Every structure is written in structure tokens, then in C-alpha cells.
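Participant: Residues -16 to 64, numbered by my numbering, are exactly what the sequence shown covers, in order.
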Amino acid sequence: LLIYNPHAGKCLAETLCREYVIPGLRARGVEPAAIPTQHCGHAREIAQTSALEGFDAVVCMGGDGTLHEVVNGMLAREDGC
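1) Between which two residues does the beta strand (DSSP E) holding P19 run?
2) Using DSSP with H/G/I as helix, E/B as strand and the rest coil, what is L35?
3) Use the C-beta contact count for E52: other C-beta atoms within 10 angstroms, 16 or more gives buried, fewer gives exposed.
4) In or out: C0 buried (at least 16 other Cβ within 10 Å) or exposed?
5) Since V42 is in the beta strand (DSSP E), which residue starts that stretch and which ends it?
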């Protein structure tokens, strides 16, 4: 699961994700489910509520705020993942 902030990196994250990160992962046999954040707190919501079956990892791309939200979302999960 790839959670990313499309506005990070001076708004280059969307392009970097679409043109480099996702193709790079696919070239290595990884099929990511990429979810862009849409508002403040969205990364936390995604990390807290997404079904994680079938994923080997949760990865985030953005700034320190995106990482902070994802970590807090994972820690708040009811299933303890």
C-alpha cells in the first residue's frame, strides 16, 4: 500500500509517483495500490481504515507530516496491525 501526498516536493510528488516510483516498483514485481491524500488528516484515515490483507508493507511518500499521519493511523488501528 503506497500512501502519498501529491502536493509534496513543490507539487512534484504526483509526477514522481506516476512516472518513476510506480513503474520502478512494477519493474521489480511489486504491484502497488497507490492512494493520493486529498486533505489534511487523510493519510491518517487511510492508514487507520484500509484493509491490509494482501499487502506486505505500508509505504508513504511525502513530507514529515505525511509520515506522521501514517504512523499515527497505523497505531490507532483497531486490528493492531
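Every residue gets a Cβ at the ideal spot worked out from N, C-alpha and C, and that includes glycine.
Every value quoted in this text rests on a predicted model; they were computed, and no experiment measured them.
Facilitator: In terms of the structure at hand:
1) Against the sequence shown, residue 19 aligns to sequence position 36. Start and end: A17 to P19.
2) Translated into positions along the sequence shown, residue 35 becomes position 52. Three-state DSSP puts L35 in coil, outside helix and strand.
3) As a position in the sequence shown, residue 52 is number 69, starting the count at 1. E52 is buried by the Cβ-count criterion.
4) Numbered from 1 along the sequence shown, position 17 holds the residue referred to as residue 0. Label assigned to C0: buried.
5) Residue numbering aside, residue 42 sits at position 59 when the sequence shown is read from its first letter. Here the beta strand (DSSP E) through V42 covers V42 to M44.
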